[in-house]
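29 is the number of the first residue of the sequence shown in the working numbering; add one for each residue after it.
Each residue gets a CB set at the ideal place from its N, CA and C atoms; glycine is no exception.
Predicted model only: the values in this text are computed from it and were never measured.
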Amino acid sequence: MSEDDYKRIVEHVLQSASQPMISTDAGVEAAQKAGDLAAREEIDWAVAGGLAMHLYGSPRLTKDVDIIASRLLSLTPEHRLSIGGSSYTLQVDKYAVRVDWIVRNDGYQKYYSAALRDAITLPTGLRIITPEWLLILKMNAGRQKDLDDIVFLLKLQKVVDRPTIKQKVVETAGDDAWLAMLPSFRRLCDLADGNTRESSKYYDND
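Structure follows, in structure tokens:
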């Protein structure tokens, strides 16, 4: 391919992108704005999704800010989310940042409620779910990008405490939920460790 061919490919991607990637600063500021409003309305909230991944060290960029919450904000939504919640647009300097405000009312609600309960507050006031809960929520989502994120998190053995993942799943949803998750989880541990024969190093069968 020629240089002009590469230029045309990049230009096509940029022109066809429905929504540009956001900077970390813009994402954090949008999350903080939404969080400040949530605090005034006494709503529990915490950053999740791609922005949380980035704050834990992932190089992957994101187009929006995912926030899990106990209930909706009083803002006028752009649209409703299929998984529960609403999408809002917040202005950060010259950028319009989409915030997906996730409120689950289905079988996964118990996971989100527990993740909110265990969320940490940074010195800036920003609330973020723990890396263990970020991993668990991504296990439940199961998209390819979520699986890639899980492998990244599992490589952070000084950040992610693997036994805590089992503990939180069992506490929240019971032993059967953990047993259902375990085969996929072991496979992802193997991918993260680069060793397909040592999954039992971290987890037993009980």
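- For Val198, the enclosing alpha helix (DSSP H) has its first and last residue at Arg190 to Ala201.
- Under DSSP, Arg171 forms no beta bridge with any residue.
- Nearest C-alpha to Cys217 among Thr200, Ala205, Ala208 and Ile178: Ile178.
- Nearest Cα to Asp72 within the set Ser212, Arg99 and Gly85: Arg99.
- Contact annotation: the region 73-83 touches the region 145-159, with at least three C-beta pairs closer than 8 Å.
- In this structure, DSSP gives Ser212 a helical state, which the three-state scheme calls helix.
- For Gln172 and Asp64, the gap between their C-alpha atoms comes out near 32 Å.
- Counting only unbroken stretches of 3 or more residues, the beta strand (DSSP E) elements lying wholly within the region 95-162 are 113-120 and 123-130, in sequence order.
- In the displayed model, Ile71 falls within coil according to three-state DSSP, outside both helix and strand.
- With respect to Ala143, Leu175 sits apart: the two C-beta atoms are not nearer than 8 Å.
- Gln119 and Thr90 have their C-alpha atoms some 17 Å from each other.
- With respect to the 8 Å criterion, Val198 and Leu163 are not classified as neighbours on the basis of their beta carbons.
- Counting every other CB atom within 10 Å of its CB across the protein chains shown gives Ser110 a total below 16, marking it as exposed.
- Taking the Cα of Ala169 as reference, the smallest distance to any Cα among Gly153, Ser51, Tyr140 and Thr158 is reached at Tyr140.
- The residues Thr52, Gly55, Val56, Ala59, Thr90, Val93 and Asp94, in chain order, have a CB closer than 8 Å to that of Leu79 in the same chain once the five nearest residues on each side in sequence are set aside.
- Pairing Tyr136 with Ala124, the inter-Cα distance amounts to about 30 Å.
- Rounded to whole angstroms, the gap between the alpha carbons of Ile156 and Met81 is 10 Å.
- Going by beta carbons, Gly112 and Leu184 fall outside the 8 Å limit.
- DSSP, read as helix, strand or coil, puts Val93 in strand.
- Residue burial is scored here from C-beta neighbours: Pro159 has at least 16 other C-beta atoms within 10 angstroms and is therefore classed as buried.
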